[in-house]
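Below you'll find the structure, written out as structure tokens, and then a few comments.
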Amino acid sequence: MNTDPKGTPLLEMRDIRIEGYADEKWNPIIKGVDLTLHRGEVLGLIGESGAGKSTLGKAAMGYVQPGCRITGGSILFDGIDLAKAKESQKRKLWGTRMTYVAQSAAASFNPAHRLIDQTVGATVREGLKSDAEARQDARTLFKALTLPNPDTIGDRYPHQVSGGQLQRVMTAMAMSPRPDLIIFDEPTTALDVTTQVEVLMSMRKIVEEFNTAAIYITHDLAVVAQMADTIKVLRYGEEVEEAETRAMLDHPREDYTKSLWSVRSLRKPAEKSEDIVLSIDTVDAAYGNKVQVLHDVNIRLPRGKTVAIVGESGSGKSTTAKVITGLLPPMKGQVTFNGDPLPPTLAGRNKDQLRRIQMIYQMADTAMNPRQTVGEIIGRPLEFYHGLKGKALETRVVELLEQIELDASFYDRLPSELSGGQKQRICIARALAADPEVIICDEVTSALDQIVQEGILRLLMKLQEDKGISYLFITHDIATVEAISDEIVVMFQGKVVEQGIKDDILSPPHPAYTELLLSSVPEMDPDWLTKLLESRATA
Amino acid sequence: MTQTNQSYSAAAEVGQVKTRRTRAQRIWLTLKKAPPTAIAGMLIITFYVVVAILAPVIAPYGEADSSFGSYLPWSAEHWFGTDQIGRDILTRLIYGARNTIGIALATTVLAFIIGGGLGLIAAINRSYLDQFISRGIDVFMAIPSLIFALMLLSIFGSSAISLIIIIALLDSTRVFRLTRAVAVNVAVMDYVEAARLRGERLGWVMRREILPNILPPLVAEFGLRFCFVFLTIAALSFLGVGIQPPTADWGTMVRETANLIQFAQFDLKAGLTPLLPAACIAILTVAVNFVVDWFLHKTSGIRDEH
Numbered sequence: 009m010n011t012d013p014k015g016t017p018l019l020e021m022r023d024i025r026i027e028g029y030a031d032e033k034w035n036p037i038i039k040g041v042d043l044t045l046h047r048g049e050v051l052g053l054i055g056e057s058g059a060g061k062s063t064l065g066k067a068a069m070g071y072v073q074p075g076c077r078i079t080g081g082s083i084l085f086d087g088i089d090l091a092k093a094k095e096s097q098k099r100k101l102w103g104t105r106m107t108y109v110a111q112s113a114a115a116s117f118n119p120a121h122r123l124i125d126q127t128v129g130a131t132v133r134e135g136l137k138s139d140a141e142a143r144q145d146a147r148t149l150f151k152a153l154t155l156p157n158p159d160t161i162g163d164r165y166p167h168q169v170s171g172g173q174l175q176r177v178m179t180a181m182a183m184s185p186r187p188d189l190i191i192f193d194e195p196t197t198a199l200d201v202t203t204q205v206e207v208l209m210s211m212r213k214i215v216e217e218f219n220t221a222a223i224y225i226t227h228d229l230a231v232v233a234q235m236a237d238t239i240k241v242l243r244y245g246e247e248v249e250e251a252e253t254r255a256m257l258d259h260p261r262e263d264y265t266k267s268l269w270s271v272r273s274l275r276k277p278a279e280k281s282e283d284i285v286l287s288i289d290t291v292d293a294a295y296g297n298k299v300q301v302l303h304d305v306n307i308r309l310p311r312g313k314t315v316a317i318v319g320e321s322g323s324g325k326s327t328t329a330k331v332i333t334g335l336l337p338p339m340k341g342q343v344t345f346n347g348d349p350l351p352p353t354l355a356g357r358n359k360d361q362l363r364r365i366q367m368i369y370q371m372a373d374t375a376m377n378p379r380q381t382v383g384e385i386i387g388r389p390l391e392f393y394h395g396l397k398g399k400a401l402e403t404r405v406v407e408l409l410e411q412i413e414l415d416a417s418f419y420d421r422l423p424s425e426l427s428g429g430q431k432q433r434i435c436i437a438r439a440l441a442a443d444p445e446v447i448i449c450d451e452v453t454s455a456l457d458q459i460v461q462e463g464i465l466r467l468l469m470k471l472q473e474d475k476g477i478s479y480l481f482i483t484h485d486i487a488t489v490e491a492i493s494d495e496i497v498v499m500f501q502g503k504v505v506e507q508g509i510k511d512d513i514l515s516p517p518h519p520a521y522t523e524l525l526l527s528s529v530p531e532m533d534p535d536w537l538t539k540l541l542e543s544r545a546t547a
Numbered sequence: 003m004t005q006t007n008q009s010y011s012a013a014a015e016v017g018q019v020k021t022r023r024t025r026a027q028r029i030w031l032t033l034k035k036a037p038p039t040a041i042a043g044m045l046i047i048t049f050y051v052v053v054a055i056l057a058p059v060i061a062p063y064g065e066a067d068s069s070f071g072s073y074l075p076w077s078a079e080h081w082f083g084t085d086q087i088g089r090d091i092l093t094r095l096i097y098g099a100r101n102t103i104g105i106a107l108a109t110t111v112l113a114f115i116i117g118g119g120l121g122l123i124a125a126i127n128r129s130y131l132d133q134f135i136s137r138g139i140d141v142f143m144a145i146p147s148l149i150f151a152l153m154l155l156s157i158f159g160s161s162a163i164s165l166i167i168i169i170a171l172l173d174s175t176r177v178f179r180l181t182r183a184v185a186v187n188v189a190v191m192d193y194v195e196a197a198r199l200r201g202e203r204l205g206w207v208m209r210r211e212i213l214p215n216i217l218p219p220l221v222a223e224f225g226l227r228f229c230f231v232f233l234t235i236a237a238l239s240f241l242g243v244g245i246q247p248p249t250a251d252w253g254t255m256v257r258e259t260a261n262l263i264q265f266a267q268f269d270l271k272a273g274l275t276p277l278l279p280a281a282c283i284a285i286l287t288v289a290v291n292f293v294v295d296w297f298l299h300k301t302s303g304i305r306d307e308h
């Protein structure tokens, strides 16, 4: 279908305006944005959460979510005005000439059908190819996307492949009808770095191969630098600036764009300490006495310092946290706290032992009871551990709110009335309320966009300075590790690959796995992916 | 650090904050937007409740006053006539509201306490205890409940107390199933784990962390369950093992006046008499369902297209 040469305009959005319904009134989400996309061109849309990236991306297909409406502007797709087109007309285009790759592939596949049936569904239904042809083509696509066993992987069900593989199958599904336009909506955000690289590689390859135009939505600048020809920065539903990728990276014009660029500069100098507050010694752990997840894990956490545990998903990072908190008693080995062994189970620990180790979760959304107000959430540990009541309790909650750089006006709010960063701050305050010595941070910043991430990291560092709290920081994001940690523990398949001072771990020579992990972290260089591919090909 | 970062403020991140309304204001706002069916339903329920509470004041005669002639026709003294032993039908209808609704309400509440409590415990526990309770409940559910109720009632006798306990036990199986199903989804949330890590007791976790989040489906189920219990009691009474005379109740009244229906060809009004208690049952059931439907729609998260 892509007979037109690269360069003719495919999609032209003019002064597009979208509103969403909330609090009994219509609020603007997109406030007049222009967008032009040529055939074969990849446009990167970036911005913090709530900037309207996804809404704009979906609007490019003429689609708005329930509860939203397009109030102005035109969306010309190959001569058809999608803003005015009928639902039936748009439906003809969706899934055939324009396709969509969602953030969560796991939530987007029907668990009851085989992958290949879902991949070719729209193509066959619209009669673009015969069933046999489409299946043959799907297998070719699986191969092009470097999926393992491309001939048979399509016969599996969604739960039988990994998240990264599923994301690639979804890309194959989007490519199957040979669309003119693909919308990628944060397709790699949920993946860990080593998987992300593979998915990025195959996406870029296939988009180039078929000369498909694409809109790539993300909040990760380093990722968009690899994928996009041009970058458009959005904020509060308005365009901040748009430029060719290289030009934008080298010379961002607007202050806001510059601030996005500078976020990665945060870095704390590593310090060594021998005063160990928490140590995990020769721990083996398993779920249900069958699947052994941890093998002989040893980790030491110095007092007032930050130890980062890095590794891809399934490496046993979170399981380690469960062993420390007592949710999963280890099969062997023990956890020592302040020189005394901790009882292995939660039930065996007393209130004081529980109080000294607190936890902050990745998804602040699910870590707070949606029916409790901020005051109740932060107040409960104060009441529970310290027996505070009434006025004293209220005063202390406000103090804690101020420590996390919020104020008393948040006292009566519900979690649903907070932004992602504010929610995570409340979770930090809840942990602080217990007056702990150790806080386990489980991927606390990975669901946040970069500016907010930086704010949270700075807050955590400040609290460490003020109160001497030790952090066990679980993450797969190397940039975060570089910023905040003193020591690093690298984990792989339930084993500790190495533990040491940050600078030692991050500088060569590395064990093979650490090397792979570090080299997979995207850099703000548009040639990074190409170079990486070359170096891995020669290696 | 750049200038922008210094001026960054976490508190200013969300521009619009909606003003928090008091509970009363929120309830009033919700009520104002209720559809006509729900309003009708609520009015009918209110009417029933008022009649039930004020029964002795409203009723023209005593509940068991049989000092009138049998099967009197509809008249100014006896609006809906009298029954086979000369009791005023209207009076019996009014007292019937009190007895039937009262017993049904008590039964439903008890069913929720038993089923809901066990369901929550099973959902949090998720181990042998969960298996034990769940399989036990499955066994109970395998026996047709009406037959089971008939059997138990014939063993323990048809007093109001045993009626309440037996029906509550039988209905608590379904409440258990629902509570466990919805609570399992909440019990795996991080905030429940956070509460357990804090060292909270089981009761606190159940009451403060889980219960508020599963309340909408439970309230809806409460409405529906109330209807089922109500119908079960009416059915048992109709069969003669439910609420015992001289206590007035609608199921028994249908049975006692049922044979009047064959006189409809001579006196239409007399023929209608057995349908009156039946209509009372039907209208209340429909009204409760209207309200529950609206409530379910409101809390299911389905957003209306604007």
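For the protein sequence lines, the chains are G and D, in the order given. For the first sequence, my numbering puts the final residue at 547, and the numbers step up evenly by one. For the second sequence, my numbering puts the final residue at 308, and the numbers step up evenly by one. The beta-carbon is built from N, C-alpha and C at its ideal position, and this holds for glycine as well. Quick caveat, the model's predicted, so the values are computed rather than measured.
Query - Run of the beta strand (DSSP E) containing G/S82, from where it starts to where it stops - result: Its beta strand (DSSP E) spans residues C76 to F85.
**Report entry** For G/N35: DSSP bridge partner residues
**Finding:** G/G28
Query raised in the report: Does any C-beta atom of chain D lie closer than 8 Å to the C-beta of G/P517?
Result: no
Requested in this report: Give a yes or no on whether 8 Å exceeds the smallest Cβ distance from G/T327 to chain D.
Outcome: no
Report task. Ignoring anything shorter than 3 residues or poking outside the region 281-341 of chain G, list the beta strand (DSSP E) runs there in chain order. Result -> 284-295, 299-310 and 314-318
Query raised in the report: Which residues does DSSP pair with G/C449 in a beta bridge?
Result: G/I368 and G/F481.
Query raised in the report: So, helix, strand or coil for D/W81, using DSSP?
Result: coil
Query raised in the report: Can you list, in chain order, the residues of its chain whose CB lies under 6 Å from that of G/N377, leaving out five sequence neighbours each side?
Result: none
Requested in this report: Look at G/I464 and G/Q366 and say whether their C-beta atoms are less than 8 Å apart.
Outcome: no
Query raised in the report: Do G/S96 and G/D89 come within 8 Å of each other at the CB atom, strictly closer than that value?
Result: no
Report task. Select from G/D535, G/V248, G/L540 and G/D533 the residue whose C-alpha is nearest the C-alpha of G/E523. Result -> G/L540
Report task. With DSSP as the reference, please indicate the residues paired to G/Y108 in a beta bridge. Result -> G/I191
Query raised in the report: When Cβ atoms are compared, which residues of the region 218-249 of chain D fall closer than 9 Å to chain G?
Result: none
Report task. Would you mind stating whether G/V50 and G/A233 have Cβ atoms separated by less than 8 Å? Result -> no
Query raised in the report: Among G/T197, G/G75 and G/T483, which has the Cα closest to the Cα of G/T314?
Result: G/T483
Query raised in the report: If you measure from the beta carbon of G/R261 to each beta carbon in chain D, is any gap under 8 Å?
Result: No, G/R261 lies away from the interface with chain D (no Cβ there is under 8 Å from its Cβ).
Query raised in the report: At least one CB of chain G closer than 8 Å to the CB of D/R200: is that the case?
Result: yes
**Report entry** Same chain, Cβ closer than 6 Å to D/Q18, neighbours up to 5 away in sequence not counted
**Finding:** Because the pLDDT of D/Q18 is 44, which lies under 50, any placement of that residue in the model is unreliable, and the question is left without a value.
Report task. Note down the Cα distance separating G/P519 from G/I317, rounded to an integer number of angstroms. Result -> 16 Å
Requested in this report: Please decide whether G/K92 counts as near chain D, where near means a Cβ-Cβ distance under 8 Å.
Outcome: Chain D contact via Cβ: absent.
Requested in this report: Tell me whether D/G242 is buried or exposed, calling it buried when 16 or more other Cβ atoms sit within 10 Å of its Cβ.
Outcome: Exposed, by the Cβ-count rule.
Report task. Output the boundary residues of the beta strand (DSSP E) element that contains G/A222. Result -> A221 to T226
Query raised in the report: Ordered along the chain, which non-local residues of its own chain (more than five positions away) have a Cβ less than 6 Å from that of G/D23?
Result: G40 and G81
Query - Contacts of D/M191 in chain B (Cβ-Cβ under 7 Å) - result: Among the chains of the structure shown, chain B does not appear; the protein chains present are G and D.
Query raised in the report: Expressed to the nearest angstrom, what Euclidean distance is found between the alpha-carbon atoms of D/T6 and G/D289?
Result: Residue confidence is low: D/T6 scores 38 on pLDDT, short of 50, so the model does not pin down where it sits. Its coordinate-derived value is still stated next. Inter-residue distance for D/T6 and G/D289 is about 45 Å (C-alpha atoms, whole angstroms).
Query raised in the report: Taking 7 Å as the cut-off, is the CB of G/A233 close to at least one heavy atom of the ligand COA?
Result: Questions concerning the ligand COA fall outside what the structure shown contains, since it holds no ligand whatsoever.
Query raised in the report: Taking Cβ-Cβ distances below 8 Å as the criterion, which residues of the region 169-196 of chain D are in contact with chain G?
Result: M191, D192, Y193, E195 and A196
Report task. With a cut-off of 8 Å on the beta carbons, I'd call G/K340 and G/V291 a contact; round off their distance for me. Result -> 7 Å
Report task. Count the other CB atoms, across all protein chains shown, that sit within 10 Å of the CB of G/S210; report buried if there are 16 or more and exposed otherwise. Result -> buried
**Report entry** G/I385 (DSSP reduced to helix, strand or coil)
**Finding:** Per DSSP, reduced to three states, the secondary structure at G/I385 is helical.
Query raised in the report: Would D/T102 pass as a contact of D/D251 if the rule is Cβ separation under 8 Å?
Result: yes
Query raised in the report: How is G/K510 classed by DSSP in three states: helix, strand or coil?
Result: Taken through DSSP and simplified to helix, strand or coil, G/K510 comes out as helix.
Query raised in the report: Under 8 Å between C-beta atoms, does D/Q8 make it to chain G?
Result: Because D/Q8 carries a pLDDT of 39, less than 50, the predicted location of this residue cannot be relied on, and the following value inherits that uncertainty. Chain G, which has no Cβ nearer than 8 Å to the Cβ of D/Q8, makes this no.
**Report entry** Same chain, Cβ closer than 6 Å to G/A113, five either side skipped, listed in chain order
**Finding:** L174, Q175 and M178
Query raised in the report: With DSSP run on the structure shown, which of helix, strand or coil describes G/T548?
Result: It is not possible to answer for residue 548 of chain G, since the shown part of chain G is limited to 9 through 547.
Query raised in the report: So, is the C-beta of G/M367 closer than 8 Å to a C-beta in chain D?
Result: yes
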